[in-house]
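Below is one structure; the comments refer to it alone.
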Amino acid sequence: LSIDPVYNDSVSDGICNGSNYTFGSQTLNTAGTYTEVFNSVKGCDSTVVLTLSIISSYNDTFNVSVCDGQSYTLGSQTLDSAGTFSEIFSALGGCDSNVVINLSIAPLYNDTISASICDGESYLLGTQTLNTTGMYTEVFQSLNACDSSVTINLNIYPAPPTASLTGPD
93 LSIDPVYNDS VSDGICNGSN YTFGSQTLNT AGTYTEVFNS VKGCDSTVVL TLSIISSYND
153 TFNVSVCDGQ SYTLGSQTLD SAGTFSEIFS ALGGCDSNVV INLSIAPLYN DTISASICDG
213 ESYLLGTQTL NTTGMYTEVF QSLNACDSSV TINLNIYPAP PTASLTGPD
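Reading the sequence shown from the start, the letters are residues 93 to 261 in the numbering used here.
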């Protein structure tokens, strides 16, 4: 006489959110603890307890802005124009996650202007106080921390001569 063993096992496993798991006669798609009785090789019943977990996948959308002339890296893509882009990433447990980027391009401003002041006056350009003829450039931080520059061609008008008025003696 031989006695065949009966097996009682516990196992843990995980599936991606939205997937199905076949466990004996059961099709599972919710986290939990499940029991299934299997018939062993020698005809003896064996019980297996499964603890099933659901591995989250992500579908996220982000708004991103870069300065004109810069690029943004999304996974394997290097993006340098405005638009909507997506990338699928493999997350924990092999579950795919989708990331969508709405990319906007912030403009850079590079302006050249001319200005004139009278001798003895000053012209304020950002952090500079100007009082001599010349070309000057100031860098400003604009929308989204993009640097923009303003160049000014400053002209100084001479002060008019002082007229002396003399009357008859």
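The beta-carbon is built from N, C-alpha and C at its ideal position, and this holds for glycine as well.
A quick note: this is a predicted structure, and the numbers were derived from the prediction, not measured.
In DSSP terms, what residue i is bridged to
i: D203; result: V242
i: Y228; result: I244
i: Y150; result: Paired residue(s): none; Y150 is not in a bridge.
i: S117; result: Paired residues: none, contrary to the question.
i: G106; result: S145
i: E179; result: V191
i: T139; result: N100 and V129
i: S208; result: N247
i: T221; result: L216
Exposure of residue i, with buried meaning 16 or more beta-carbon neighbours within 10 Å
i: S168; result: exposed
i: S178; result: exposed
i: S104; result: exposed
i: I180; result: exposed
i: C210; result: exposed
Contact check, residue i vs residue j, beta carbons under 7 Å
i: I197; j: D160; result: yes
i: S145; j: N109; result: no
i: V129; j: D101; result: no
i: I205; j: I248; result: no
i: N171; j: A207; result: The amino acid at residue 171 is misidentified as Asn; the sequence shows Leu. Going by C-beta atoms, L171 is not nearer than 7 Å to A207.
i: S240; j: L200; result: yes
i: L142; j: A174; result: no
i: G106; j: G186; result: no
i: T242; j: D203; result: It is Val, not Thr, that sits at residue 242 in the sequence shown. Result yes, Cβ atoms of V242 and D203 sit closer than 7 Å.
i: N131; j: N121; result: no
For residue i, the three-state DSSP class (helix, strand or coil)
i: G161; result: coil
i: G186; result: helix
i: A123; result: coil
i: A198; result: strand
Original post:
Does the pairing of the stretch 147-157 with the stretch 118-136 give three or more beta-carbon distances under 8 Å?
Top reply: no
Original post:
Would the stretch 135-144 and the stretch 201-220 be scored as touching if the rule is three or more Cβ pairs under 8 Å?
Top reply: no
Original post:
Do the stretch 229-240 and the stretch 179-191 make contact, defined as three or more Cβ pairs closer than 8 Å?
Top reply: no
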